[in-house]
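Per my numbering, the very first residue in the sequence shown carries number 5; after that it's consecutive.
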Amino acid sequence: MPRTPIVAGNWKMHTTVPEALALVEVMRSALEPITTVERVVCPPFVALWPLHERLRGTSIRLGAQNVYSEEKGAYTGEISPLMLAGVVDYVIIGHSERRHLFGESDELIGRKVRAALAHGLQPILCVGETLAENEAGATEAVVRRQLESGLAEVESLEHVVLAYEPVWAIGTGRPATPEGANAVMGRLRELIAVRYGAAAAEAMRILYGGSVTPENFPSFMAMPEIDGGLVGGASLKADSFVALVRQAAATT
Ligand code: PGA
């Protein structure tokens, strides 16, 4: 069974609510018919509900950029999976900016993944090494540790998506090579096969992220292990996001 590609736009801390609504309005009619690709937009939290309303009845999916691991309680400033359930389909967990700027641990990320799944949300679990780790030859050890702790106590991968995002490639204009990313993602798939079996590994969608643009994306999508993109900067412009979705659709 071929895997359905996913192109997910991580808008990060960009767009006011009116800007988010305007961006989705411009992209909507171009994205709607491309049903061979899952198209996901991940705006800031305050835009989720208005976009949910605006995208109701369309095939464009919404994702959150983060979630907390508890359902409710005295956690000032946090958003729970219970609050996101029914509003979004996906949630990005363990993005390198959460890990490195906000000090999220492997263990917390694992709890967030379990909490998301328990509430019917599909985690996009991000893994990736820093430049220093890459230069020290530690890439495999790092992504393996992040994978194992991110999926600790997770029994089924049916609703999980992985993203390999080398930290040094994010927002730098310096993407990984398609071959290099493909090799790491192939290794991730092998690790999944060992723990969850060949069928689960074969079905798992693994996205590449890090300075994806319409110029470089086709060569990533040509790689056998790469099932789509988690896109930052290029997802904030309607033209480039639509171009990326079309490029993914051309591989199906
Ligand atoms: P970028 O970000 O495409 O701007 O490099 C990717 C990401 O952080 O998911």
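Beta carbons: idealized from backbone N, C-alpha and C, even for Gly.
| field | First through last residue of the beta strand (DSSP E) which encompasses GLU173 | value | Numbered from its first residue, the sequence shown carries residue 173 at position 169. It is worth fixing the name first, because residue 173 is Ala in this sequence and not Glu. From DSSP, ALA173 is part of no beta strand (DSSP E); its letter is neither H nor E.
| said: Would you say the beta carbon of GLU4 is closer than 7 angstroms to some non-hydrogen atom of the ligand PGA? | reply: No answer is possible for residue 4: it lies beyond the span of the chain, which begins at 5 and ends at 256.
| request: Less than 8 angstroms between the CB atoms is what I'm expecting for VAL188 and PRO127, so what's the real figure, rounded? | output: Counting from one through the sequence shown, the residue named residue 188 turns up at place 184. Counting from one through the sequence shown, the residue named residue 127 turns up at place 123. With 8 angstroms as the limit, VAL188 and PRO127 do not qualify as a contact, their Cβ atoms being about 19 angstroms apart.
| Which whole-angstrom value is the C-beta distance of ALA204 and ILE196, which I expect to be below 8 angstroms? | Start at 1 with the first residue of the sequence shown, and residue 204 comes out as number 200. Start at 1 with the first residue of the sequence shown, and residue 196 comes out as number 192. About 6 angstroms separates the two Cβ atoms, so the contact holds.
| request: Going by CA-CA distance only, name the one from THR62, THR40, LEU25 that's closest to VAL50. | output: By one-based count along the sequence shown, residue 50 stands at place 46. Ranking THR62, THR40, LEU25 by Cα distance to VAL50 puts LEU25 first.
| task | Report the residue from ASP110, GLU82, TYR168, ILE230 whose alpha carbon sits nearest the alpha carbon of ARG149. | result | One-based indexing of the sequence shown puts residue 149 at position 145. Comparing Cα-Cα distances from ARG149 to each of ASP110, GLU82, TYR168, ILE230, the minimum goes to ASP110.
| field | For GLU206, the residue or residues it bridges with in DSSP | value | Along the sequence shown, read from residue 1 onward, the residue named residue 206 stands at position 202. The partner list for GLU206 (beta bridge, DSSP) is empty, contrary to what the question assumes.
| Inter-stretch contact (C-beta, 8 angstroms, three-pair minimum) for the stretch 97-113 and the stretch 166-177 | Yes, the stretch 97-113 is in contact with the stretch 166-177.
| At which residue ranges does the stretch 120-172 contain complete alpha helix (DSSP H) runs of 4 or more residues, listed in the order of the chain? | 135-139, 143-154
| query | Given GLU144, which residues of its chain have a CB within under 8 angstroms of its CB, disregarding the five upstream and five downstream residues? | reply | On the sequence shown, position 140 is the one that residue 144 refers to. Closer than 8 angstroms at the Cβ level, and outside the excluded window around GLU144, lie VAL188, ARG191.
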